[in-house]
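Undergrad: Going by this note's numbering, 175 is the number at position 116 of the sequence shown; the sequence numbering is gapless. I'd like to ask some things about the structure below.
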Amino acid sequence: MSHIAAGEAAADQPSLFSPEFSGEFAHDLSGGLDVAVDTDFGTAEHIRLDDTSWIVHVHGWLTGDEALMRHLMTHAPWEQRSRWMYNRMVQEPRLTAEYPVIAEAPHPVLHHIADALSTRFGIRYSRLWMNWYRDNTDGTGWHADRPADKLAEAVIPVVSLGATRRFLIKPDSGGRSTVVVTHGGDLVVMGGRCQKDFTHSVPKQQIPAGARLSLNFSTPVPAQ
């Protein structure tokens, strides 16, 4: 596995991170929560996976992640889902909640986070999928995000809240994984052909870990 050192960057990162998208450190994300995001993306680390796929890891993009995590753990519509695997129904090793329309979510802070990401990337993020990894025995296997995998290219932001966990991404055709260690408040953005040519995971681990939430922002995909 290849570990990306801080500062190792793609030399020709797409213009999503050009100066015209810069802003102030944004406060009042609200609902009474002491939460803020860095609209300058000043700690962005650019990782080029290949000629058409990239990741951006923004360290500490959101402050107040513990407060937001506690709020969502209490108020979001979490459920334990099941799926068929190896000819039997099994419970997924995580909890899941979703807002197909973020504007209808009863958490103002989520609206503001979506707006900040939409402004930055020039994409209207209107859907939210959340995973709750309760401890180190929860995780998610190798997958591409749906329905973004139906598009030739997509930009998918994922905000991490809570415990430190590893995020892995590797070529769908096989090969070494790139490891990104995410901390509470970090933002990981998958861009280009990541959803077409790569798969990613948050693996279970032996080392104890506390709760972690991931907030995955997306946009509806037109019917094919």
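Here a beta-carbon is modelled for each residue, glycine too, at the ideal position from N, C-alpha and C. Source: prediction; values computed, not measured.
In three-state terms, what does DSSP make of His116?
TA: Of the three classes helix, strand and coil, the one that applies to His116 here is strand, per DSSP.
Undergrad: Measuring CA to CA, which of His118, Leu121, Val168 is closest to Ala135?
TA: Of the listed residues, the one whose Cα sits closest to Ala135 is Val168.
Undergrad: Report buried or exposed for Val247, applying the criterion of at least 16 other Cβ atoms within 10 angstroms of its Cβ.
TA: By the 10 Å Cβ count, Val247 comes out buried.
Undergrad: Specify whether the stretch 183-192 and the stretch 268-279 touch according to this definition: at least 3 beta carbon pairs, one from each stretch, less than 8 Å apart.
TA: A contact exists between the stretch 183-192 and the stretch 268-279.
Undergrad: Under 6 Å Cβ to Cβ from Phe286, same chain only, skipping five residues before and after it: list those, please.
TA: Look at the range of the chain in this structure, 60 to 283, and you will see that residue 286 is not part of it.
Undergrad: Nearest to Val239 by alpha carbon, out of Arg225, Asp110, Gly221, His166?
TA: Of the candidates Arg225, Asp110, Gly221, His166, the one whose C-alpha sits nearest the C-alpha of Val239 is Arg225.
Undergrad: Count the other CB atoms, across all protein chains shown, that sit within 10 Å of the CB of Met249; report buried if there are 16 or more and exposed otherwise.
TA: Met249 is buried by the Cβ-count criterion.
Undergrad: Is it the case that the stretch 211-220 contacts the stretch 137-152, given that we only count it when at least three CB pairs across the two stretches are under 8 Å?
TA: In short, these stretches do not touch, since the Cβ pair count stays below three.
Undergrad: Alpha carbons only, please: which of Asp109, Ala270, Val280, Glu104 is nearest the one belonging to Asn195?
TA: For Asn195, the nearest C-alpha among the options comes from Ala270.
Undergrad: My guess is that Lys255 and Asp204 are in contact by the Cβ rule of under 8 Å, so how many angstroms apart are they, rounded?
TA: Actually they are not in contact, since the Cβ atoms of Lys255 and Asp204 sit about 11 Å apart, beyond 8 Å.
Undergrad: For Ala126, collect the residues of the same chain with a Cβ closer than 8 Å to its Cβ; drop the 5 residues on either side in sequence, then sort them by chain order.
TA: Answer for Ala126: Leu92, Asp93, Val94, listed in chain order.
Undergrad: Looking only at DSSP bridge pairs, what is His105 linked to?
TA: Beta-bridge pairing links His105 to Val115.
Undergrad: Classify Lys263 as helix, strand or coil using the three-state DSSP reduction.
TA: Three-state result, Lys263: coil.
Undergrad: Determine the DSSP secondary structure at Ile215, reduced to helix, strand or coil.
TA: Ile215: strand per DSSP, three-state reduction.
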